[in-house]
Structures are given as structure tokens and as C-alpha cells.
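Scroll down for the structure; my scribbles are underneath it.
Numbering (our numbering), first residue to last: 25 to 170.
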């Protein structure tokens, strides 16, 4: 019980810190971080409400926040350029459907799948040697083989 309350408090404080620290960032990076901070703060509040007789609410909010928050952070906050609106809407819509399907079917694997997809894309971007611009790739290879 003490570890649960401490974890919820730390998650809520991390959400407040992310909101506060992102105020100096530009809008394409700030908006997804704040969106994810709101979702994870809702997760912390729902877990706290689980102690007062609403444990089903905590599970539903956890599944939706996991899929949407992970997608917002993994796909949109780490990119140097903003994602095109159609791709952003499609990614968030698929993550929302995965979270709602996980909540309705009571199968957390759907929400975990959306989070794993976002995490794998973020890992691939961080391990990549190349920039995401095609002209930078050509410049990198031309400079390397001279």
C-alpha cells in the first residue's frame, strides 16, 4: 500500500514536472509531451480513485493512457520535425482504438501492442546513425567514402 501510494505520487509529480519543463519548447515538441502528461496524470488520479471503490476505472484508464500516452511520446515528441497531420491523426486514432479494445475486451495485450510499437520506433530512431532527412543521408555517405 505504501509503495502504491508513493508510485502514484511520483507519477503525478513527474507529470507536473513534464508540463512545467516543456513550457520553453516549441509547439511541435511541447504539445505531445503535455498531452502525455495529462494522460499519465489521469492514470495517477484513477489509481488513487481505485482505493475508494472504483478499481475497474483504474484499469480502463490505465489501458487507454498506456496506448495513447506511449504513442504520443514515442511517435510525436521525439521527432525533430512535426508529423504530418494525417499521420498524426491516424497514429492517435489507432492507439485510441487499441486502448478502447483492450478495455472492452479486458485484454491488456492490445494496449501493450500499441505501446510496444511506439517504443520500437523510438528505439530505432535513437539507435539510427542517419538523420531523418534524405539529403543528410546522401551527404553522410558522400563524406564518409571520400
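Glycine included, C-beta positions come from ideal geometry on N, C-alpha and C.
Thinking C-beta only, is residue 122 closer than 8 angstroms to residue 148? no
Classification of residue 33 by the beta-carbon crowding that lies within 10 angstroms, buried from 16 upward: exposed
Which of the three DSSP states, helix, strand or coil, is assigned to residue 45? Three-state DSSP puts residue 45 in a helix.
8 angstroms Cβ cutoff met for residue 119 and residue 91: yes
Measure the alpha-carbon distance for residue 74 versus residue 35 and round it to whole angstroms. 15 angstroms
Pair within 8 angstroms by beta-carbon distance, residue 66 and residue 85: yes
Length of the line joining the Cα atoms of residue 142 and residue 97: 8 angstroms
Minimum C-alpha distance to residue 28 - residue among 51, 70, 43: 70
Mapping the DSSP letters down to three states, classify residue 77 as helix, strand or coil. Assigned with DSSP and collapsed to three states, residue 77 falls in coil, not helix or strand.
Pick from 126, 100, 82, 78: whose alpha carbon is nearest that of residue 56? 100
Would you mind sorting residue 77 into buried or exposed? The rule is 16 or more other CB atoms within 10 Å of its CB. exposed
When we look at the beta-carbon of residue 111 and count the other beta-carbons within 10 Å, is it buried (16 or more) or exposed? exposed
Which of helix, strand or coil DSSP assigns to residue 85: helix
Going by DSSP, what residue range makes up the alpha helix (DSSP H) through residue 107? Residue 107 -> no alpha helix (DSSP H), and no H or E assigned at all.
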